[in-house]
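A.B. asks: Numbering (the numbering used here), first residue to last: 1011 to 1870.
Backbone N, C-alpha and C fix where the C-beta goes; we use that ideal spot for every residue, glycine too.
Keep in mind that this is a model prediction, so the values were computed, not measured.
This is the structure I have questions about; it appears just below.
In structure tokens form, the structure reads like this:
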């Protein structure tokens, strides 16, 4: 029996294959950045399943709960392995990630770089980049990841996602123009002889349906003649058409500072992803997934069920007719991933019988398009050269066009022409057989000297444990092999033609609470050995690193009694040595470190202080560092030292950064404000409308107490970690588009009723769309009904009838004669008892009234 895997056109989904040359630099963590945390050996769980028994994590916990969990660091490799995310390194240095529930494209600078963990992510990064929530389970001593696709694990047909209905909803339009935010970063570097003050000034906003962004590089903050325009971009994105004006990366592999105009046209697929860094030509030209079909043969009357991966959730089912053929169509195969399905055959449709199980697997490579889907790109501009003026000088016209199309199920081809002083043909190919774990990507351009400028990548994955990757470019050819035979053990080998070095190594980790140790070593063909050892025991932590030149030993003890944590006071001893043919340096250092328990709004420590004394080859001296967020909206970092590992020179560093939001409300901004280049902002201001005029007046409280429960966007609740909650309202960022915004009663204020419960909200990049939600205050008239002898009367109907406008409300007394008339608004009311007026008095409810107004009634 076999399965024929086919593909049918499908309007769907997204983007990417970059040919640019903008290589990102990772966010390298300093000692100050890492000082709060220790290395912990934790498991990683997907839901209730422990998929990685032991992984190294940088974090802290007090024995009961995580400390500053949003800032923990998790190894990037471990997270992607646990979530079954495949990684494709693109030609421009970026990474494309594909999983059963997500596709995204990130730059390496979006990852942290930890000296012990390597590339790493915080739980907030995992939430933002992968849409996967993370929490720390102290009992399991593990990080629990909850991918959205784990929400339903019951047997039976998979529930379809509710359609997003916008028709008939009140519309909230985005503003046509906004000056959204302004930011400034200042850094001061100096020593005994000179001081250099640099800056970076940016502004962001929107014009029409597009975002605009300006950045000025201030080489000398006090000399405006040294200032130069760093970036200026106008970017509009839609489902099928995008255009960008200004600074950008060319769509072909090339260097230089390119400024121009670019148009992207998609056909047969739409782009649903936003680009937080602005226009990305590759991101806008690639689909997210392709549609495939599975067919097979079975006896008539057999019930065939399709199950994804190793789960039990049934995606689809069909009963085989007399033709003896079953078919499942429009199955989404995610780009860059390996999608596994199980086909369960129940003879005669008897579900209690043990089913025959067959396997079907799709492998889809980054860059592939569905058959018939295509993407055009046209671009023209100039290279900008730095000069003595603010604008720079344009020279060397460049431009070109490219066309990419899905030719066969397993093959996508592209071709184009590029002008760089002369016309150069360009070709690209993406090949991935649907049922083979082998894939190939190739980009090539023919230069004027007839040489081929290329970038190629081939990958092979065997048995889910062996990964072989080959990559080639004009500089070198590289081979990397990784094998994980058992949990905790990884063997690797690599080769690079540029350095002529071949190397092999292993990594092993183990833990027996409260002890943990991790060992890694590697040796190359020149017999150069490098290695590291890290471990901890309760409040004591050890780290050792060595290569053929350098050796470092660190021993740290938490004085505040916090195991596996830097919170409070800590003492650290460090020894560094370096020796080569001509030099030898050493430095011994003792440090006191303090992390304050007080937190800033974004969860970072309010104070981080480090003071130390060092003695070494070049003398002795003091070293100090300070990081603080004590001023709201302002980040300050300070470092001073009069001794270093390699010199006796005194040096200092001061960094000051802040930004201000002008729209929708004047407020200090956030560290992520520049993501509005590609994302759109949503601002929601729920408030208690005490005077019922629908306008937020002075003195009316903005209600954000249950903000994490209040908002539902496109039928899904918004995670609280993606919200920025202030005393002015609620901020969040999403991809541009039109969204359905619903209000969940679980987040309503006590006694509050919104004027509208649902909205159709237009969100565009560059600014915020404001949704003002007045909650009318609802009052309750409560009391008792008695007869003229003071006995309670049960079953009596009590009505509150407005004298002027509004609707009446009523309640029926219980056996004790008690009643509660709910949903009463401000106004003057006459009370009726069993339809009759019982007296001439009225009850007036004003904005100053208590939420429960007491009144006792007597029936004549």
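1) Which parts of the segment 1716-1743 are runs of the beta strand (DSSP E), unbroken and 3 residues or longer, counting only runs that do not cross its ends?
2) List, from N- to C-terminal side, the beta strand (DSSP E) runs of 3 residues or more that fit wholly inside the segment 1244-1320.
3) Residue 1314: beta carbon under 6 Å from a heavy atom of the ligand ADP?
4) Count the other CB atoms, across all protein chains shown, that sit within 10 Å of the CB of residue 1847; report buried if there are 16 or more and exposed otherwise.
5) For my contact list, residue 1566 and residue 1580 are in at a C-beta cut-off of 8 Å; report their separation, rounded to the angstrom.
6) Determine the closest residue to residue 1718 out of 1482, 1706, 1739, 1757, with distance taken between C-alpha atoms.
7) Candidates 1483, 1484, 1476: which alpha carbon is nearest residue 1492's?
8) Given this structure, state the Cα-to-Cα distance separating residue 1429 from residue 1227, to the nearest angstrom.
9) Let me check understanding here. Comparing Cα to Cα, which of 1720, 1778, 1144 lies closest to residue 1785?
10) Excluding the five sequence neighbours on either side, which residues of its own chain have a C-beta within less than 6 Å of the C-beta of residue 1055, listed in chain order?
11) Tell me which same chain residues have a C-beta within less than 6 Å of the C-beta of residue 1671, skipping the five on either side of it?
12) Taking 7 Å as the threshold (C-beta atoms), are residue 1083 and residue 1124 in contact?
13) Which runs of the alpha helix (DSSP H), 4 residues or longer, sit entirely within the segment 1052-1133?
14) Determine the DSSP secondary structure at residue 1851, reduced to helix, strand or coil.
15) Which residue from 1217, 1832, 1237 puts its Cα closest to that of residue 1254?
16) In its own chain, which residues sit with a C-beta less than 8 Å from the C-beta of residue 1558, not counting the 5 before and 5 after it?
17) Please determine if the segment 1680-1687 and the segment 1695-1707 are in contact, where contact requires at least 3 C-beta pairs separated by less than 8 Å.
18) Expressed to the nearest angstrom, what Euclidean distance is found between the alpha-carbon atoms of residue 1198 and residue 1229?
19) Considering Cα atoms alone, identify which of 1194, 1147, 1862 is closest to residue 1666.
20) When the Cα atoms are used, what is the spatial distance from residue 1431 to residue 1129?
21) Spell out a yes or no on whether the segment 1701-1712 and the segment 1645-1658 are touching, meaning 3 or more CB-CB pairs, one atom from each, closer than 8 Å.
22) Leaving out five residues on either side along the sequence, give the residues of the same chain with a beta carbon under 7 Å from the beta carbon of residue 1793.
23) Using a Cβ-Cβ cutoff of less than 7 Å, which residues in the same chain neighbour residue 1209 once the five nearest sequence positions on both sides are dropped?
24) Tell me the residue span of the beta strand (DSSP E) that contains residue 1490.
25) For residue 1783 and residue 1158, what's the separation of their Cα atoms in angstroms?
26) For residue 1487, count the other beta carbons within 10 Å of its own beta carbon; 16 or more makes it buried, fewer makes it exposed. Which is it?
27) Excluding the 5 residues flanking residue 1780 on each side, which residues of the same chain have their C-beta closer than 6 Å to its C-beta?
28) DSSP puts residue 1423 in a beta bridge; with which residues?
29) Could you check if residue 1067 is buried or exposed, using at least 16 other CB atoms within 10 Å of its CB as the buried criterion?
30) Buried or exposed, going by whether 16 or more other CB atoms sit within 10 Å of the CB of residue 1187?
31) Pull the bridge partners of residue 1883 from the DSSP assignment, please.
32) May I ask you to report which of helix, strand or coil DSSP gives residue 1760?
33) Would you kindly check if the distance between the Cβ of residue 1776 and the Cβ of residue 1221 is under 7 Å?
34) So what's residue 1236 in DSSP terms, helix, strand or just coil?
35) Would you call the CB atoms of residue 1631 and residue 1653 closer than 7 Å?
36) Expressed to the nearest angstrom, what Euclidean distance is found between the alpha-carbon atoms of residue 1656 and residue 1634?
C.D. replies: Reading off the structure:
1) 1721-1723
2) 1251-1257, 1268-1277, 1299-1307, 1313-1318
3) The ligand ADP is absent from the structure shown, which contains no ligand whatsoever.
4) Taking the chain shown and counting its residues from 1, the one referred to as residue 1847 is at position 837. Counting Cβ neighbours within 10 Å, residue 1847 comes out exposed, since fewer than 16 surround it.
5) Within the chain shown, residue 1566 is the residue found at index 556, counting from 1. Within the chain shown, residue 1580 is the residue found at index 570, counting from 1. At roughly 6 Å, the Cβ-Cβ gap stays under 8 Å, so residue 1566 and residue 1580 are in contact.
6) Position 708 of the chain shown, counted from the first residue, corresponds to residue 1718. Of the listed residues, the one whose Cα sits closest to residue 1718 is 1757.
7) Walking along the chain shown from the start, residue 1492 turns up at place 482. Out of 1483, 1484, 1476, 1476 has the C-alpha closest to the C-alpha of residue 1492.
8) If you number the chain shown from 1, residue 1429 lands on position 419. If you number the chain shown from 1, residue 1227 lands on position 217. Rounded to whole angstroms, residue 1429 to residue 1227 spans 29 Å at the Cα level.
9) For the purposes of this step, residue 1785 is taken as residue 775 along the chain shown, with counting starting at 1. Per the Cα distances, 1720.
10) The residue labelled residue 1055 in the question sits at position 45 within the chain shown. Closer than 6 Å at the Cβ level, and outside the excluded window around residue 1055, lie 1152, 1154.
11) For the purposes of this step, residue 1671 is taken as residue 661 along the chain shown, with counting starting at 1. Excluding positions up to five away in sequence, the list reads 1191, 1677, 1679.
12) The residue you call residue 1124 lines up with position 114 of the chain shown. The residue you call residue 1083 lines up with position 73 of the chain shown. Taking 7 Å as the Cβ cut-off, residue 1124 and residue 1083 qualify as a contacting pair.
13) 1086-1092
14) Reading the chain shown from its first residue, position 841 is the one you call residue 1851. DSSP places residue 1851 in strand when its eight states are reduced to three.
15) Here residue 1254 is taken as the residue at index 244 of the chain shown, counted from 1. With distances taken between Cα atoms, residue 1254 lies closest to 1217.
16) Sequence index remark: in the chain shown, residue 1558 carries index 548 (1-based). Correct list, in chain order: 1538, 1539, 1540.
17) no
18) The residue you call residue 1198 lines up with position 188 of the chain shown. The residue you call residue 1229 lines up with position 219 of the chain shown. One C-alpha to the other measures close to 11 Å.
19) One-based indexing of the chain shown puts residue 1666 at position 656. Nearest of 1194, 1147, 1862 to residue 1666, Cα basis: 1194.
20) Taking the first residue of the chain shown as position 1, residue 1431 is located at position 421. Taking the first residue of the chain shown as position 1, residue 1129 is located at position 119. The straight-line gap from Cα to Cα measures roughly 39 Å.
21) no
22) Position 783 of the chain shown holds residue 1793. These residues qualify, in order along the chain: 1829, 1864, 1865, 1866, 1867.
23) Mapped onto the chain shown, residue 1209 falls at position 199. 1194, 1195, 1196, 1228, 1231.
24) Against the chain shown, residue 1490 aligns to sequence position 480. Note, residue 1490: beta strand (DSSP E), 1487-1496.
25) Reading the chain shown from its first residue, position 773 is the one you call residue 1783. Reading the chain shown from its first residue, position 148 is the one you call residue 1158. Distance between the alpha carbons of residue 1783 and residue 1158: 29 Å.
26) Within the chain shown, numbered from 1, the residue matching residue 1487 stands at position 477. Result: exposed.
27) Counting from one through the chain shown, the residue named residue 1780 turns up at place 770. Answer for residue 1780: 1674, 1693, listed in chain order.
28) As a position in the chain shown, residue 1423 is number 413, starting the count at 1. Residue 1423 is bridged to 1415, 1439.
29) By 1-based counting over the chain shown, the position of residue 1067 is 57. Buried, since its Cβ has 16 or more Cβ neighbours within 10 Å.
30) One-based indexing of the chain shown puts residue 1187 at position 177. So residue 1187 ends up on the exposed side.
31) Outside the shown range of the chain, which is 1011 to 1870, sits residue 1883, and nothing can be said about it.
32) Walking along the chain shown from the start, residue 1760 turns up at place 750. Residue 1760: coil per DSSP, three-state reduction.
33) Position 211 of the chain shown holds residue 1221. Position 766 of the chain shown holds residue 1776. Their beta carbons are under 7 Å apart, which means residue 1221 touches residue 1776 by this criterion.
34) Within the chain shown, the letter at position 226 stands for residue 1236. Of the three classes helix, strand and coil, the one that applies to residue 1236 here is helix, per DSSP.
35) Taking the first residue of the chain shown as position 1, residue 1631 is located at position 621. Taking the first residue of the chain shown as position 1, residue 1653 is located at position 643. Yes; because the gap between Cβ atoms is below 7 Å, this pair is in contact.
36) Position 646 of the chain shown, counting from 1, holds the residue named residue 1656. Position 624 of the chain shown, counting from 1, holds the residue named residue 1634. Each residue's Cα considered, the two are about 17 Å apart.
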